[in-house]
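K.L.:
Pasting in a structure now, in structure tokens, and then I'll have a few things to ask.
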Amino acid sequence: MPPDDLARLSIAEAGDLLRRRALSPVELARAHLERIQRLDRDLLAYITVLRDEALAAAAAAEQEIARGQYRGPLHGIPIALKDLVMTRGVRTTCGSRILRDWVPDTDATVARRLADAGAILLGKLNMHEFAYGPTGVNPHYGTSRNPWDRHRIPGGSSSGSGVAVAAGLAAGALGTDTGGSVRIPAALCGIVGLKPTYGRVSRAGVIPLAWSLDHVGPMTRTVADAALLLQALAGYDPADPTTATRPVPDYRRATQGEVRGLRLGLPKDLFFERLDPEVRAAVAAAARTLEGLGAVVEEIPLPKIHHAGPASFAILAAEATAYHEPYLRTRAAEYGEDVRARLTTGQFVLAHQYLKAQRARQVIRAEVDAVLTRVDALLTPATPVPAPRLDEREITMDGVTEDARWWLIRCTRPINVTGHPALSVPCGLTAAGLPIGLQLVGRPFDEATLLRLGHAFETASPLKRRWPALGP
Amino acid sequence: MASVSIPLLQALTQELSGIPASPGDLAIAATQLGSQLDGLARLDDLELLAVEPATVLVPSPEAPHAA
């Protein structure tokens, strides 16, 4: 099989070939590394490429599989990590100048779990500095380019993760999501992004942006692949006391279930206000597709969700500034301008405003929980707009002009406030060829239903396996 | 959008928080805060008197329909 075709295999497809010894992990890793060498000078998805380490790990995986010590569906699969996931002996920059040369002496739990499952680490991925922004614009390492249009942002903060997976520079990746940072680049780059329930996946060893809003999640080209990664990541971790002790279900089996009879709610409040017309049409078509598969779609009210934006602002700003205060006192000049200004803002969020936001959060979450007793999942756009241009600072729609950042996070950040699981799945392309994302939001710890819905939609979607034109 | 005074923010950084900030960053902070203050005040509409804060969001209670 030609190397470019190997790099286009899904994790499930490659894993099947590796298990049957019809494909060598070394051959698969080489195919990805060659593609990184050829394409990443323009795309800027990676901050650090671990060529020698990846080939050595792939050779070891090959020997293990040959000896019959097959570890499972991630054994020999080349993946990459957002560069705020701590990796022992490998620099972890957080996309910053401040941590440019920082080499952790331990692995994050999620990095260790993927390594234990046999995944091959190709490298560390570009991101918005310290994950504090939804565009992926990075003044220190260059801005990752959207593979569908290199004059447009990939979305962030997990920008390199979105680009690497969309361009076939990794079979899968990890991102983190504090206001949409997995789902936004997934939507803008045309891939799948899953923000699990708060407490489902450990955050231990992942540099925080805001402790109570941060989630770690998989970014892949198919929903089934997201299930495979989640299977390896999910579960209690004594190093992260917010992880849940409840058992981890079989997510792979979950993708095979029927969607007939599932009830889907369309929350018109907030999520469907002021949408790009092509996004609105694609999401409406997605709802019809799911109806055609037997799901029941109904509009539902969610009036309190409007309060999630201000609550998110207060919590995120205060927690981020609390974490960064030591650097702000001593190394403020080393931050990029946008992130330093946001961190400066956080010091003016008053304690009572922060606590009011944390109280509001309980009320907003209760409203979403109540709605999810009537329906099995919510269906919304992932972002109100497709990928903005690199220089597009403001977006105007229906007479309302706002910072592009606020547009990007409007549909995703409420779900960080509530902690529910949410999945972004590609659901269309604009006339200009830009991806559009569909967001599915589920009950706490019911990622299985989201994966089932996402897989059924993806299978029925005409978009299946579309690739950006990346040139020679 | 509410108006936030840059000299006020300057005084707060110098006299209360002790976190240094440039005039340019304070101007952006004033704009960002001003755009959020109305929304933060409207959180009172949620009738929060009997609600305790989720200072660290613990996993939601067992959901009856969750897998």
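Chains as they are written, first to last, in my numbering: chain W, 1086 to 1557; chain G, 55 to 121.
From the three backbone atoms N, C-alpha and C, an ideal C-beta is built for every residue, glycine too.
This structure is a prediction, so every number in the text was calculated from the model and none was measured.
Where do the N-terminal and C-terminal ends of the beta strand (DSSP E) with W/L1493 fall, by residue?
P.N.:
Residue numbering aside, residue 1493 of chain W sits at position 408 when the first sequence is read from its first letter. Where W/L1493 is concerned, there is no enclosing beta strand (DSSP E), although the alpha helix (DSSP H) it sits in stretches over A1489 to I1494.
K.L.:
Tell me, to the nearest whole angstrom, how far the beta carbon of W/I1269 is from that of W/P1219; I am working on the premise that it is less than 8 Å.
P.N.:
Within the first sequence, the letter at position 184 stands for residue 1269 of chain W. Within the first sequence, the letter at position 134 stands for residue 1219 of chain W. At roughly 5 Å, the Cβ-Cβ gap stays under 8 Å, so W/I1269 and W/P1219 are in contact.
K.L.:
Which word fits W/K1441, buried or exposed, when buried means at least 16 other C-beta atoms lie within 10 angstroms of its C-beta?
P.N.:
Indexing the first sequence from 1 puts residue 1441 of chain W at position 356. By the 10 Å Cβ count, W/K1441 comes out buried.
K.L.:
Does G/I60 have its Cβ less than 9 Å from a Cβ in chain W?
P.N.:
The count along the second sequence starts at 1 and reaches residue 60 of chain G at position 6. No, G/I60 does not count as interfacial toward chain W.
K.L.:
Are the C-beta of W/R1306 and some C-beta of chain G separated by less than 9 Å?
P.N.:
Position 221 of the first sequence, counting from 1, holds the residue named residue 1306 of chain W. False, the Cβ-Cβ gap to chain G never drops below 9 Å.
K.L.:
To the nearest whole angstrom, what separates the beta carbons of W/L1555 and W/Y1336, a pair I think is in contact under 8 Å?
P.N.:
Locating residue 1555 of chain W in the first sequence gives position 470, where the first residue counts as 1. Locating residue 1336 of chain W in the first sequence gives position 251, where the first residue counts as 1. With 8 Å as the limit, W/L1555 and W/Y1336 do not qualify as a contact, their Cβ atoms being about 30 Å apart.
K.L.:
9 Å is my cut-off, CB to CB: does G/Q86 come that close to chain W?
P.N.:
For the purposes of this step, residue 86 of chain G is taken as residue 32 along the second sequence, with counting starting at 1. It does; some Cβ of chain W falls within 9 Å.
K.L.:
What residue does the beta strand (DSSP E) around W/Q1148 start on, and which one ends it?
P.N.:
Within the first sequence, residue 1148 of chain W is the residue found at index 63, counting from 1. W/Q1148 -> not in any beta strand (DSSP E); alpha helix (DSSP H) instead, spanning R1136 to A1151.
K.L.:
Fully enclosed by the region 1434-1515 of chain W, which beta strand (DSSP E) runs are 3 residues long or longer?
P.N.:
The qualifying runs are 1462-1466, 1479-1482, 1485-1488 and 1507-1514.
K.L.:
In the DSSP assignment, what residue or residues form a beta bridge with W/Y1131?
P.N.:
For the purposes of this step, residue 1131 of chain W is identified with residue 46 of the first sequence, where counting begins at 1. W/Y1131 pairs with W/L1210.
K.L.:
Thinking G/D92 and G/A56 are a contact (beta carbons under 8 Å), I'd like their distance in whole angstroms, please.
P.N.:
Within the second sequence, residue 92 of chain G is the residue found at index 38, counting from 1. Within the second sequence, residue 56 of chain G is the residue found at index 2, counting from 1. G/D92 to G/A56, Cβ: 6 Å. Contact.
K.L.:
Would the beta-carbon of W/G1260 fall within 9 Å of that of W/S1242?
P.N.:
Taking the first sequence and counting its residues from 1, the one referred to as residue 1260 of chain W is at position 175. Taking the first sequence and counting its residues from 1, the one referred to as residue 1242 of chain W is at position 157. Yes. Within cutoff.
K.L.:
Report all residues from its chain with a CB closer than 6 Å to the CB of W/P1051; omit the five preceding and five following residues, and keep chain order.
P.N.:
Here chain W has residues from 1086 to 1557 only, and residue 1051 of chain W is not among them.
K.L.:
Rounding to the nearest angstrom, what Cα-Cα distance links W/P1466 and W/M1212 in this structure?
P.N.:
Walking along the first sequence from the start, residue 1466 of chain W turns up at place 381. Walking along the first sequence from the start, residue 1212 of chain W turns up at place 127. Cα-Cα distance, rounded: 23 Å.
K.L.:
Helix, strand or coil, according to DSSP, for W/D1341 in the structure here?
P.N.:
Locating residue 1341 of chain W in the first sequence gives position 256, where the first residue counts as 1. Going by the sequence as given, residue 1341 of chain W is Gln instead of Asp. Of the three classes helix, strand and coil, the one that applies to W/Q1341 here is coil, per DSSP.
K.L.:
Figure out for me which residue from W/R1197, W/R1176 and W/I1183 has the closest Cα to the Cα of W/P1189.
P.N.:
Counting from 1 along the first sequence, the entry for residue 1189 of chain W is found at position 104. The option with the nearest alpha carbon to W/P1189 is W/R1176.
K.L.:
Who are the Cβ neighbours of W/H1391 in its own chain at under 8 Å, not counting the five residues just before and after it?
P.N.:
Taking the first sequence and counting its residues from 1, one reaches residue 1391 of chain W at position 306. Around W/H1391: D1354 and L1355.
K.L.:
Under 9 Å between the Cβ atoms of W/P1469 and W/R1359?
P.N.:
As a working note, residue 1469 of chain W is residue 384 in the first sequence. As a working note, residue 1359 of chain W is residue 274 in the first sequence. Cβ atoms of W/P1469 and W/R1359: closer than 9 Å.
K.L.:
Exposed or buried, which one is W/E1079 when buried takes at least 16 other CB atoms within 10 Å?
P.N.:
Chain W is shown only over 1086 to 1557; residue 1079 of chain W falls outside these bounds and no answer can be derived.
K.L.:
Would you mind giving the Cβ-Cβ distance between W/A1396 and W/V1502, rounded to the nearest angstrom? I have them listed as a contact below 8 Å.
P.N.:
Position 311 of the first sequence, counting from 1, holds the residue named residue 1396 of chain W. Position 417 of the first sequence, counting from 1, holds the residue named residue 1502 of chain W. The Cβ separation is near 5 Å, so the contact holds.
K.L.:
So for W/T1415, helix, strand or coil by DSSP?
P.N.:
Position 330 of the first sequence, counted from the first residue, corresponds to residue 1415 of chain W. Reduced to three states, the DSSP call for W/T1415 is helix.
K.L.:
Please look up how many angstroms separate the CB atoms of W/L1279 and W/E1532, rounded, as I've assumed it's under 8 Å.
P.N.:
Here residue 1279 of chain W refers to the residue found at position 194 when the first sequence is read from its first residue. Here residue 1532 of chain W refers to the residue found at position 447 when the first sequence is read from its first residue. With 8 Å as the limit, W/L1279 and W/E1532 qualify as a contact, their Cβ atoms being about 7 Å apart.
K.L.:
Out of W/R1106, W/D1322 and W/G1253, point me to the one whose CA is closest to W/A1193's CA.
P.N.:
For this step, residue 1193 of chain W is matched to residue 108 along the first sequence. Nearest option by C-alpha distance: W/D1322.
K.L.:
Can you tell me where the beta strand (DSSP E) holding W/I1164 begins and where it ends?
P.N.:
Translated into positions along the first sequence, residue 1164 of chain W becomes position 79. Unbroken beta strand (DSSP E) run through W/I1164: P1163 to K1167.
K.L.:
My understanding is that W/R1478 touches W/H1236, with C-beta atoms under 8 Å, so please give their C-beta distance in whole angstroms.
P.N.:
Here residue 1478 of chain W refers to the residue found at position 393 of the first sequence. Here residue 1236 of chain W refers to the residue found at position 151 of the first sequence. Contact flag wrong, Cβ pair sits at about 15 Å.
K.L.:
Quick check on this structure: which residue in W/D1483, W/R1450 and W/A1151 has the alpha carbon closest to the alpha carbon of G/V105?
P.N.:
Here residue 105 of chain G refers to the residue found at position 51 of the second sequence. Cα-wise, what sits closest to G/V105 is W/R1450.
K.L.:
Between G/S76 and chain W, is the shortest Cβ-Cβ distance under 9 Å, so that the two count as touching?
P.N.:
Your numbering for residue 76 of chain G matches position 22 in the second sequence. Yes, its Cβ sits closer than 9 Å to a Cβ of chain W.
K.L.:
Does W/S1287 come within less than 9 Å of chain G when only Cβ atoms are used?
P.N.:
Counted from its first residue, the first sequence places residue 1287 of chain W at position 202. No, because no Cβ of chain G sits closer than 9 Å to the Cβ of W/S1287.
K.L.:
Among W/L1514, W/A1516 and W/H1505, whose alpha-carbon lies nearest the alpha-carbon of W/L1525?
P.N.:
Residue mapping note: residue 1525 of chain W aligns to position 440 of the first sequence, counting from 1. The candidate whose alpha carbon is nearest that of W/L1525 is W/H1505.
K.L.:
State the start and end residues of the unbroken alpha helix (DSSP H) segment that holds W/Q1524.
P.N.:
Counted from its first residue, the first sequence places residue 1524 of chain W at position 439. Run containing W/Q1524: none in the alpha helix (DSSP H); it sits in the beta strand (DSSP E), P1520 to G1527.
K.L.:
Tell me W/M1304's beta-bridge partners as DSSP assigns them.
P.N.:
In the first sequence, counting from the first residue as 1, residue 1304 of chain W sits at position 219. Partner(s): W/A1258 and W/G1278.
K.L.:
For W/H1300, is the classification buried or exposed, using 16 other Cβ atoms within 10 angstroms of its Cβ as the cut-off for buried?
P.N.:
As a position in the first sequence, residue 1300 of chain W is number 215, starting the count at 1. Counting Cβ neighbours within 10 Å, W/H1300 comes out buried, since at least 16 surround it.
K.L.:
If we define contact as Cβ-Cβ less than 9 Å, is G/A108 a contact residue for chain W?
P.N.:
By one-based count along the second sequence, residue 108 of chain G stands at place 54. Judged by the 9 Å Cβ criterion, G/A108 is in contact with chain W.
K.L.:
So within the region 1329-1389 of chain W, which uninterrupted beta strand (DSSP E) runs reach at least 3 residues, ignoring any that extend past its ends?
P.N.:
List check, beta strand (DSSP E) in window: 1348-1352 and 1381-1385.
K.L.:
Considering only their Cβ atoms, is the gap separating W/I1096 from W/G1264 smaller than 9 Å?
P.N.:
Translated into positions along the first sequence, residue 1264 of chain W becomes position 179. Translated into positions along the first sequence, residue 1096 of chain W becomes position 11. Cβ distance not < 9 Å, so W/G1264 and W/I1096 don't count as in contact.
K.L.:
Which residue's Cα is closest to the Cα of W/V1277: W/G1346, W/I1521, W/G1290 and W/R1123?
P.N.:
Your numbering for residue 1277 of chain W matches position 192 in the first sequence. Ranking the options by Cα distance to W/V1277, first place goes to W/I1521.
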